[in-house]
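Asks: Sequences listed follow chains A and B, in order. When you line the first sequence up against our numbering, it's residues 1 to 236, in that order. When you line the second sequence up against our numbering, it's residues 1001 to 1236, in that order.
Protein chains: 2
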Amino acid sequence: MNSHVAHVEGPDLAALAGLLADCTRASFCLALLDGRAWTAIELARHAGVAASTATEHLNLLVAGGLLAQERQGRHRYVRLADPDTAELIETLASMAPRRAAPPCSLPAVSRSRALARARTCYDHLAGALGVAITKAMTDRGLLDWEQGLTLTGDGTAWLGELVIALPPAKRRPPVRSCLDWTERRPHLAGTVGAALCRHAFDSRWITQIGSSRAVALTDDGRLALRHHLGLTGDFT
Amino acid sequence: MNSHVAHVEGPDLAALAGLLADCTRASFCLALLDGRAWTAIELARHAGVAASTATEHLNLLVAGGLLAQERQGRHRYVRLADPDTAELIETLASMAPRRAAPPCSLPAVSRSRALARARTCYDHLAGALGVAITKAMTDRGLLDWEQGLTLTGDGTAWLGELVIALPPAKRRPPVRSCLDWTERRPHLAGTVGAALCRHAFDSRWITQIGSSRAVALTDDGRLALRHHLGLTGDFT
DNA sequence: AGGACTCTTCGGCACGCGCCGAAGGATCGC
DNA sequence: GCGATCCTTCGGCGCGTGCCGAAGAGTCCT
Chain A
1 MNSHVAHVEG PDLAALAGLL ADCTRASFCL ALLDGRAWTA IELARHAGVA
51 ASTATEHLNL LVAGGLLAQE RQGRHRYVRL ADPDTAELIE TLASMAPRRA
101 APPCSLPAVS RSRALARART CYDHLAGALG VAITKAMTDR GLLDWEQGLT
151 LTGDGTAWLG ELVIALPPAK RRPPVRSCLD WTERRPHLAG TVGAALCRHA
201 FDSRWITQIG SSRAVALTDD GRLALRHHLG LTGDFT
Chain B
1001 MNSHVAHVEG PDLAALAGLL ADCTRASFCL ALLDGRAWTA IELARHAGVA
1051 ASTATEHLNL LVAGGLLAQE RQGRHRYVRL ADPDTAELIE TLASMAPRRA
1101 APPCSLPAVS RSRALARART CYDHLAGALG VAITKAMTDR GLLDWEQGLT
1151 LTGDGTAWLG ELVIALPPAK RRPPVRSCLD WTERRPHLAG TVGAALCRHA
1201 FDSRWITQIG SSRAVALTDD GRLALRHHLG LTGDFT
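Have a look at this one:
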């Protein structure tokens, strides 16, 4: 990275951090936190740069192993390389300073309100809704925070009632806490968080708002959350 | 960071990553992972830059909240701001690419061997020794990896036998897995990892080698590890 | 075939950032 | 007090890097 030797053995921290040290590349990664694959031009428009610029950034991110790509016809789809990468970006984002500039236009305000209320975070739920679900699961003894975050026996049974199947345990932990940007409190991630989110979409408890990461709670969803978790909040 | 607007609300990922995106600053942070406070000139010499350059970097890192400083007479002591920061840097380091250049000189080789064998990692034990202890604790049922990493009842009792007291649970989890750079396998971090490391120093199971992060296992330490964990390895 | 669209390559520009050394302030030890 | 040491400030330099637009390759649709 620098011209200097830096003569150090060990991990090249600067190279990895350098990939995220650019506003445009960071903006790409945050956008990709929704877990979907984006085309190059979508990301370019999102970040407000020329397509050629986006190409260069994507080349760097892919070469650095943060992004995986897939070419389909004239499209170049990119997504975060794996859940580890997503968690790294989440962690970094939760520790990063907030940006100064407040969103002033009316549509921008309502958009950020919707995001703060309920959104996806890579493959699980975040925002006030995600935090509330996590809290309700804790209160009902489905999650335990005593020794780090764990799923209790009741929690396993509860997932069984909902007919939510978990993939066999591999590198990714079943439950993991992820610090929420807007609520500043933890919400549920890991394979259980992902499975729960997928179930919520499949059962139409929630629906995506437009093409953003924001989600809306349906009437079915409100009933289901009250029934399964005793959640009475509104989140509209 | 960039001249461009980047018009995005939310966390300023690039600003945080930018702090670590420089070889010299990264080298500082990795050095500080030993958990000690270093003076500005020590870090400058370590990274091979002028004192004035180190000052500028330290100003950035302190302003960015990654480092805490303390002035004592003519010395400026800096250390990592908190365990969260240390964990962030560990995580980043474990995902970063290895540096190409192999250490060739004889002292450099023996130094890196010593580091690979046993060293501190912020406030807990790492290297072959750290990984072996973690594995032994798992084999004896003191740690459980089923639902993320947890300390078992036996584990709590075992700590009691050793008269190792834990601080009251706060934000930092009691046990946490930290991926080892050299072994590529997890070792024990968190408050239990820290308490165990402190106990090992206090009981003279291990001693610091010179002023590096490398540690040497004493004869007492070898006996203790065999007695308490059934560990028979050498680690000299 | 032709137009629309996506992506890539290339040259060129400008700014930021990391580096240094010299000079000066602050503190310690003798 | 005096030199030694640690740190900081400042000016100056050069390279890297992020940006763009123009041109072109590849793909899809009609």
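Idealized CB from N, CA, C, for every residue including glycine.
For the 8 Å Cβ check, are there 3 or more pairs between the stretch 120-140 of chain A and the stretch 1028-1039 of chain B?
Replies: Too few Cβ pairs lie closer than 8 Å, so no.
Asks: At least one CB of chain A closer than 9 Å to the CB of Trp1181 of chain B: is that the case?
Replies: Chain A, which has a Cβ nearer than 9 Å to the Cβ of Trp1181 of chain B, makes this yes.
Asks: So Leu80 of chain A and Leu19 of chain A are supposed to be a Cβ contact under 8 Å. How far apart are they, rounded?
Replies: The pair is not a contact, with the Cβ atoms about 12 Å apart (cut-off 8 Å).
Asks: Whole angstroms is fine: what's the gap from Ala1132 of chain B's alpha carbon to Gly210 of chain A's?
Replies: Approximately 51 Å between the Cα atoms of the pair.
Asks: Spell out whether any CB of chain B is found under 9 Å from the CB atom of Thr138 of chain A.
Replies: No, its Cβ sits nowhere closer than 9 Å to a Cβ of chain B.
Asks: Go ahead and pull the three-state DSSP assignment for Arg74 of chain A.
Replies: DSSP places Arg74 of chain A in coil when its eight states are reduced to three.
Asks: Strictly under 9 Å for the Cβ-Cβ distance: is Arg198 of chain A near chain B by that measure?
Replies: Answer no: the Cβ-Cβ gap between Arg198 of chain A and chain B never drops below 9 Å.
Asks: Pick helix, strand or coil for Glu1183 of chain B, following the three-state DSSP scheme.
Replies: Residue state, collapsed to three classes: coil.
Asks: With distance defined between alpha-carbon atoms, name the residue in B:Leu1188, B:Thr1053 and B:Ala1050 nearest to Thr1138 of chain B.
Replies: Per the Cα distances, B:Leu1188.
Asks: Going along the chain, which unbroken runs of the alpha helix (DSSP H) with 4 or more residues stay wholly within the stretch 1100-1163 of chain B?
Replies: Complete alpha helix (DSSP H) runs here, min 4: 1106-1117, 1127-1139 and 1153-1161.
Asks: Are Ala1015 of chain B and Arg25 of chain A close, meaning C-beta to C-beta below 9 Å?
Replies: Cβ atoms of Ala1015 of chain B and Arg25 of chain A: not closer than 9 Å.
Asks: Quick check: what's the CA-CA separation for Val1049 of chain B versus Asp1202 of chain B?
Replies: About 35 Å.
Asks: Please confirm whether Ile1089 of chain B has its beta-carbon closer than 9 Å to some beta-carbon of chain A.
Replies: So yes, Ile1089 of chain B belongs to the interface.
Asks: For Ser1177 of chain B, tell me which candidate among B:Trp1158, B:Leu1151 and B:Glu1161 has the shortest Cα-Cα distance.
Replies: Minimum Cα distance to Ser1177 of chain B is reached at B:Leu1151.
Asks: Taking its Cβ as the centre, do 16 or more other Cβ atoms sit within 10 Å of His1075 of chain B, making it buried, or is it exposed?
Replies: Counting Cβ neighbours within 10 Å, His1075 of chain B comes out exposed, since fewer than 16 surround it.
Asks: State the Cα-Cα distance for the pair Gly230 of chain A and Leu142 of chain A, rounded to the nearest angstrom.
Replies: Using only the alpha carbons, I get a separation of about 13 Å.
Asks: Using the beta-carbon of each residue, which ones in chain B are nearer than 9 Å to Asp220 of chain A?
Replies: Within 9 Å Cβ-Cβ: nothing; Asp220 of chain A doesn't reach chain B, min ~30 Å.
Asks: Residues in the same chain with beta-carbon distance under 7 Å from Thr1055 of chain B, minus the five sequence neighbours each way, listed in chain order, please.
Replies: For Thr1055 of chain B, where only same-chain residues beyond five positions count, the Cβ hits under 7 Å are Ala1040.
Asks: Nearest-angstrom Cα distance between Leu1225 of chain B and Thr1232 of chain B?
Replies: In a straight line, the C-alpha of Leu1225 of chain B is about 8 Å away from that of Thr1232 of chain B.
Asks: Sort out for me which residues DSSP pairs Gly1205 of chain B with in a bridge.
Replies: Looking at the sequence itself, residue 1205 of chain B is Trp, so the reference to Gly does not match. DSSP, once it has assigned bridges, lists no residue as partnering Trp1205 of chain B.
Asks: Give me, in chain order, the residues of the same chain whose beta-carbon lies closer than 6 Å to that of Arg172 of chain A; leave out the 5 immediate sequence neighbours on both sides.
Replies: So the list reads Pro83 and Thr191, once near-sequence residues are dropped.
Asks: Less than 9 Å between the beta carbons of Asp180 of chain A and Ser94 of chain A, yes or no?
Replies: Their beta carbons are under 9 Å apart, which means Asp180 of chain A touches Ser94 of chain A by this criterion.
Asks: Please report how far the alpha carbon of Ala6 of chain A lies from the alpha carbon of Ala1047 of chain B, in whole angstroms.
Replies: Here Ala6 of chain A scores only 49 on pLDDT, less than 50, and its place in the model should not be relied on; the value that follows carries that caveat. The alpha-carbon atoms of Ala6 of chain A and Ala1047 of chain B are separated by roughly 6 Å.
Asks: May I have the straight-line CA-CA distance separating Thr1207 of chain B from Val1215 of chain B, to the nearest angstrom?
Replies: Cα-Cα distance, rounded: 5 Å.
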